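Report on the following structure.
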Ligand code: D5M
Ligand code: FE
Ligand code: ZN
């Protein structure tokens, strides 16, 4: 096998390169030829560009058939697309920041604040009311147009009445009405509505495809043995190569065998663990947040869920069946929870088990099930739907209401309702429903005092691309090093800080990572992180959850950090360690926090989605009421007897990270935000065309659960 052979020779291969080369190995080229080629290129990591160049040289691939995204063209287009879209819609962008700098005589030349129309109005009406006039450093984007928080062409499926929220009137409205409602009610944050430029998006998806082929051993590997290092240590196999060196095979985070050379690459590194970073609150700085009583509760944490061991009956049938059976109680739990969600929707009508469809006579009935498979035919859409009692094919004609929107929004294994009539061995649906969230939310009582929460994720301490200078500037800012009264007002009222995973870079997460690690030791990474975070003023409560780079179980849900590795952050006085996912209640507002790996699967399965517009993908997950619906693609899911990834209760705010791009949207009253990153673009991300937006701090007004402002420290991140 190619991977083993390369490893024996201390060469590495990335997943995409593997898939390019593997079909030709030993047929069209030999190991020696490949190694000679890589050697000539001066690398021991065979990535897709090396693989491609090699195949071209061997005459196996012509220059035209490159399936890879490595060319610079789509990359430039994509970043332009993201940025131009966001600029016009109010997300902070580099260009907008420079505008705010030019406009502001008093603001620091270093930190740009951007805030939105309502922000300005709100400031005007609070006790610090004169802030706006005195501080031109807030750039208001008054002429922003308000958009429905969905991209064009996508229509939401109707949803429940919001019974959960105590509303009694049925609330199904046309999309147009919804648009108006949103415009009136939540007009201050406009969101990106992008015309997807076919070429760039396709090239992005193309790039993903080349990396996503799922190999047999992509099933999640359970890591209960407590080795603590998550995926990178979970499933390694050691191979003696005769030189006494023990290279490894690692079944990587994305379920693909990757290889890397052990920790001894490149020799010793010397590094700082930020012991010297000691920042004290600025003298005389008044923190209003200190005077506001704490009001928080972790209302959902995976650690508090009591699981019973799953029972697996039979694992000897077809692959699909094995998955269904091994995960039977997991999926049953999902179905049960989703049925409960669908019950809120009066349009659903009479729900009937699939096994009982034979008894149905005239009236329309509804089935609710997991979609195993979906297909487009000439006249409509075919689904294979399964509930706890059986499985049936469902046909939905294309001309039925919302048919294609629902079809596109359905991810494998998500739960959908179909209303219609049974035929012989098939169910003819007139309408399909996603679980979705209700159109309206009940207003929560106002708070006496303004209080803010800041959202961070993907700090990646330990990476040499970690924006340490920017992070230190941010810490100084939190300690009162502000540049204007507007900033002072913001800092002074920050009471909570949420960190949504990938707080350190980890070790061995992707091939060649060692070369990009400033701190190659997982213990030291957490120590370094804690040394930074101890500078967060003590009255700010930090909620810290894990991501796929952390020392935590790889499969979702992630209960927390392995304590033996992450001890330093457990010890921080004002830190609360949460699971991924978790729900936090802040002053009566519900914040759903997830690292966000589910976004990757959305990008794989839902048309027109991109890593560069993560809020759209998050809305898709919200509509499916699940954080990672698809089993067996990129995201490993643990077969817990209860599906804790169902979004059972509709949050006021939904935060995720993972994709390293900040974007936000409002969908049916839920504020959806991806909190970006503190890591500049890695070599690996260059390879897969991911352009991050580092060092931005979204500040959330807890009362409205909406964005108050974004502070960017990105200029301190340059040339990391
Ligand atoms: O993820 C950072 C970003 O990089 C996120 O958009 C996923 C993407 N990523 C990371 N590894 C891969 C692989 N192997 N294939 C495709 N996309 C990937 P982070 O979790 O910080 O590494
Ligand atoms: Fe990350
Ligand atoms: Zn991540």
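Residue numbers (our numbering): 309 to 1028. No residue lacks a Cβ here, since even glycine has one placed at the ideal position from N, Cα and C. Please read these numbers as outputs of a predicted model, since none were measured by experiment.
Could you have a look at residue i and say whether DSSP puts it in helix, strand or coil?
i            : result
residue 642  : helix
residue 970  : strand
residue 922  : helix
residue 935  : coil
residue 725  : strand
residue 744  : coil
residue 1003 : coil
residue 738  : strand
residue 799  : helix
residue 804  : strand
residue 586  : coil
residue 1020 : strand
residue 998  : coil
residue 358  : helix
residue 755  : coil
residue 271  : Shown here, the chain extends from 309 to 1028; a query on residue 271 therefore has no answer.
residue 1009 : strand
residue 597  : helix
residue 320  : strand
residue 849  : strand
residue 812  : strand
residue 929  : helix
residue 311  : helix
residue 592  : coil
residue 613  : coil
residue 1028 : coil
residue 917  : coil
With distances taken from CA atoms, which of the options is nearest residue i?
i            : options                  : result
residue 801  : 355, 943, 815 and 593    : 593
residue 694  : 686, 704 and 676         : 676
residue 319  : 337, 334 and 345         : 345
residue 684  : 718, 722, 760 and 612    : 718
residue 655  : 743, 888 and 666         : 743
residue 658  : 958, 849, 799 and 726    : 726
residue 948  : 894, 759, 638 and 312    : 638
residue 910  : 722, 989 and 789         : 722
residue 987  : 1024, 1006, 1014 and 952 : 1024
residue 944  : 856, 882, 729 and 1018   : 856
residue 583  : 905, 824 and 832         : 832
residue 862  : 946, 821, 728 and 646    : 946
residue 1082 : 776, 756, 950 and 951    : Past the boundaries of the shown model lies residue 1082; the chain is included only from 309 to 1028, so the question cannot be answered.
residue 577  : 897, 770 and 817         : 770
residue 649  : 958, 791, 700 and 608    : 958
residue 865  : 336, 332 and 613         : 613
residue 1020 : 795, 842, 904 and 989    : 795
residue 664  : 356, 635, 1009 and 698   : 698
residue 887  : 772, 873 and 953         : 953
residue 1011 : 635, 598, 760 and 731    : 760
residue 853  : 681, 608 and 774         : 608
residue 858  : 322, 810, 872 and 883    : 810
Is there a C-beta anywhere in chain D that falls below 7 Å from the one on residue i?
i           : result
residue 724 : Looking at the structure shown, chain D is missing, and only one protein chain is on hand.
Cβ-heavy atom distance between residue i and the ligand FMN below 6 Å?
i           : result
residue 766 : This structure does not include the ligand FMN; its bound ligands are the ligand D5M, the ligand FE and the ligand ZN.
**OP:** Evaluate contact between the segment 873-881 and the segment 589-598, counting only Cβ atoms and requiring at least three cross-stretch pairs below 8 Å.
**Re:** Counting C-beta pairs closer than 8 Å gives fewer than three between the segment 873-881 and the segment 589-598, which falls short of the contact rule.
**OP:** Identify every run of the beta strand (DSSP E) within the segment 661-721, keeping only runs that are complete inside it and at least 3 residues long; order them along the chain.
**Re:** Listed in chain order, they are 673-684, 688-694 and 699-705.
Original post:
What are the start and end residues of each continuous beta strand (DSSP E) run of 3 or more residues lying completely inside the segment 852-915, in chain order?
Top reply: DSSP runs (the beta strand (DSSP E)) wholly in the segment 852-915: 883-885, 890-894 and 897-901.
**OP:** Please list the segments of the beta strand (DSSP E) lying wholly inside the segment 940-986, counting only runs of 3 or more residues, in order along the chain.
**Re:** Within the segment 940-986, the complete beta strand (DSSP E) runs of at least 3 residues are 961-964, 970-975 and 978-983.
Original post:
What are the uninterrupted segments assigned as alpha helix (DSSP H) that are 4 or more residues long and contained completely in the segment 814-846, given in chain order?
Top reply: Counting only runs of 4 or more, we get 830-841.
**OP:** Evaluate contact between the segment 898-918 and the segment 833-846, counting only Cβ atoms and requiring at least three cross-stretch pairs below 8 Å.
**Re:** Verdict: no, contact absent.
Original post:
Using 8 Å as the threshold, is the segment 705-725 in touch with the segment 677-693, meaning 3 or more CB pairs across them?
Top reply: Touching, yes, given that three or more Cβ pairs across the two stretches are closer than 8 Å.
**OP:** Could you say if the segment 964-973 and the segment 760-768 meet the contact criterion of at least three C-beta pairs nearer than 8 Å?
**Re:** Output reads yes: the segment 760-768 touches the segment 964-973.
**OP:** Specify whether the segment 774-792 and the segment 968-976 touch according to this definition: at least 3 beta carbon pairs, one from each stretch, less than 8 Å apart.
**Re:** Too few Cβ pairs lie closer than 8 Å, so no.
**OP:** For the segment 925-941 and the segment 894-914, state whether three or more C-beta atom pairs, one from each stretch, are separated by less than 8 Å.
**Re:** Yes: the two stretches touch, three or more of their Cβ pairs being nearer than 8 Å.
**OP:** State whether the segment 934-950 contacts the segment 977-985, with contact taken as three or more CB pairs (one from each stretch) at a distance under 8 Å.
**Re:** Contact between the segment 934-950 and the segment 977-985 is absent, with fewer than three C-beta pairs closer than 8 Å.
Subject >> Chain-ordered residues, beta carbon under 5 Å from a heavy atom of the ligand ZN >> reply: This criterion selects 810, 855, 856 and 966.
Subject >> Stretch pair the segment 1002-1016 + the segment 880-892: three plus CB contacts closer than 8 Å >> reply: Verdict: no, contact absent.
Original post:
At which residue ranges does the segment 322-353 contain complete alpha helix (DSSP H) runs of 4 or more residues, listed in the order of the chain?
Top reply: Counting only runs of 4 or more, we get 323-329 and 339-348.
Subject >> Three or more C-beta pairs below 8 Å linking the segment 735-742 and the segment 810-830 >> reply: No, because fewer than three Cβ pairs between the segment 735-742 and the segment 810-830 fall closer than 8 Å, the two stretches do not touch.
**OP:** Identify every run of the alpha helix (DSSP H) within the segment 766-799, keeping only runs that are complete inside it and at least 4 residues long; order them along the chain.
**Re:** Correct list: 776-786.
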